[in-house]
Amino acid sequence: MVYGTLVPLYSCPGFYGNSLYDCNSNYSMNVQIVSTPDLCIIDYSVGLPGSQHDSTALVETFISKEHLVLLGDDE
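Numbering of the sequence shown is given in UniProt numbering, commencing with residue 1 and proceeding in unit increments.
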């Protein structure tokens with residue numbers, strides 16, 4: 001399972017704050033979690049700037065880059 005969400009930040013960060021301004025007019029970071037059906041987290045990606053689609057964030061995870069080594073043929 002793949003789940004992505006925005007984690008709100010308290011205020012505008014001092015560095016690169018404009019890149020963390022999201023589509024909901026808040027400052028936030030994108031967090032992507034890859035887990036098994038029993039909720040065991042197997043990979044994550046944090047901090048993609050701006051409004052990102054889940055599939056874009058998934059490309060940045062280790063499991064996406066090394067899927068041939070980590071997953072079986074039917075996974």
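For glycine and all other residues, C-beta sits at the position ideal for the given N, C-alpha and C. All of these numbers come straight from a predicted model, not from anything done at the bench.
8 Å contact criterion, which residue i and residue j should meet: CB distance rounded
i          : j             : result
leucine 39 : aspartate 22  : The pair is not a contact, with the Cβ atoms about 26 Å apart (cut-off 8 Å).
glycine 14 : asparagine 30 : About 19 Å separates the two Cβ atoms, so there is no contact after all.
Residue i and residue j closer than 9 Å at C-beta
i            : j            : result
leucine 58   : glutamine 32 : yes
threonine 61 : aspartate 43 : yes
valine 34    : valine 69    : no
Nearest residue (CA-CA) to residue i, options the options
i             : options                    : result
isoleucine 26 : Thr36, Ile63, Tyr10        : For the sequence presented, residue 26 should be read as asparagine rather than isoleucine. The shortest Cα separation from asparagine 26 among Thr36, Ile63, Tyr10 belongs to Tyr10.
isoleucine 41 : Asn24, Ile63, Ser28, Leu20 : Ile63
asparagine 24 : Pro37, Gly17, Pro8, Thr36  : Pro8
Residues sharing a beta bridge with residue i, DSSP
i             : result
valine 29     : Contrary to the premise, residue 29 reads as methionine rather than valine in this sequence. Paired residues: Val7.
isoleucine 41 : Ser35
tyrosine 21   : Tyr27
valine 69     : Looking at the DSSP assignment, valine 69 forms no beta bridge with any residue, so it has no partner.
valine 2      : Val34
valine 59     : Note: valine 59 sits in no beta bridge, so no partner.
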